[in-house]
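Engineer: For the record, in the sequence shown the residue sitting at position 138 is 138 according to the numbering used here, with numbers rising by one throughout. There's a structure below that I have some questions on.
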Amino acid sequence: MVDSLFYVFATMTLVAALFVIASRNPVNSAMGMILALVGVAVNFFLLEAPFLGVLQILVYAGAVMVLFLFIIMLLDVDKVAQQKVPWSAILTGIVSLVVFGGIAVCLVNNHQTLPETGTLSTPNAMPVAENPLAYTTGAKSFGYTLFTKYMLPLQVAGFLLLISMIGVVTLSKRQKNSSKTTA
């Protein structure tokens, strides 16, 4: 039963992701993205990772997508939506899809090269000096790993989000100033 539900929600996630790409309306694309993120969260729940499922819903489907919707509302996206997509962009997208699809197929077919045991193989072990990245389902070990081993990627992601937000504010101010001078 769990396997069939997994495939149902994985298919829903893929269809929603395709809708994000295919939709010309940015608001519809954002709604498709929310549906895809909820599908991923349900799959986390089915894989018995409720902490990641709740984080997926609260952080990504909630906060980040609300931020994206505000950005879409700030920018004048109607002019962009009416423009035609150049053939070079379509060709680049198709080539990227084929390349990344081929990489994904190669990774799935070479699954036997993955290690069967490692530091994450002991269930319900708390992080200690000998094994600081032991697997547990608690938030304490997740936070420990996030703020020790993955501190730099976390900082870089936060910095990139800050830069993108500053860029959006700058673009929206520039568009408002240009509309005032033409009026």
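Quick reminder that beta carbons are idealized off the backbone N, C-alpha and C, glycines included.
(1) Thinking just about the alpha-carbon of each residue, which of S4, N109, M165 and A16 is nearest to the one in G39?
(2) Name the residue from L37, L75 and L47 whose alpha carbon lies nearest to the alpha carbon of V64.
(3) Is it the case that the Cβ atoms of V2 and L46 are separated by a distance below 9 Å?
(4) Name the two residues that bound the continuous alpha helix (DSSP H) containing I71.
(5) Express the C-alpha separation of N43 and T13 in angstroms, rounding to a whole number.
(6) Excluding the 5 residues flanking Y7 on each side, which residues of the same chain have their C-beta closer than 8 Å to its C-beta?
(7) Less than 9 Å separating the beta-carbons of F51 and L35?
(8) Under a Cβ-count criterion, where at least 16 other Cβ atoms within 10 Å of its own Cβ denotes burial, should A41 be classed as buried or exposed?
(9) Distance, Cα to Cα, A30 vs K149?
Structural biologist: Checking against the coordinates, here is how it stands:
(1) Sequence index remark: in the sequence shown, residue 39 carries index 39 (1-based). Of the listed residues, the one whose Cα sits closest to G39 is A16.
(2) Here residue 64 refers to the residue found at position 64 when the sequence shown is read from its first residue. When only C-alpha atoms are compared, the closest one is L37.
(3) Your numbering for residue 2 matches position 2 in the sequence shown. Your numbering for residue 46 matches position 46 in the sequence shown. Yes, the pair counts as a contact, with Cβ atoms nearer than the cut-off.
(4) For the purposes of this step, residue 71 is taken as residue 71 along the sequence shown, with counting starting at 1. Segment M65 to L74, the alpha helix (DSSP H) holding I71.
(5) Within the sequence shown, the letter at position 13 stands for residue 13. Within the sequence shown, the letter at position 43 stands for residue 43. Cα to Cα, the separation comes out at about 9 Å.
(6) Start at 1 with the first residue of the sequence shown, and residue 7 comes out as number 7. Excluding residues within five positions, none has a Cβ falling inside 8 Å.
(7) By 1-based counting over the sequence shown, the position of residue 51 is 51. By 1-based counting over the sequence shown, the position of residue 35 is 35. Taking 9 Å as the Cβ cut-off, F51 and L35 do not qualify as a contacting pair.
(8) Here residue 41 is taken as the residue at index 41 of the sequence shown, counted from 1. Buried, because 16 or more other Cβ atoms sit within 10 Å of the Cβ of A41.
(9) Here residue 30 is taken as the residue at index 30 of the sequence shown, counted from 1. Here residue 149 is taken as the residue at index 149 of the sequence shown, counted from 1. C-alpha separation (whole angstroms): 32 Å.
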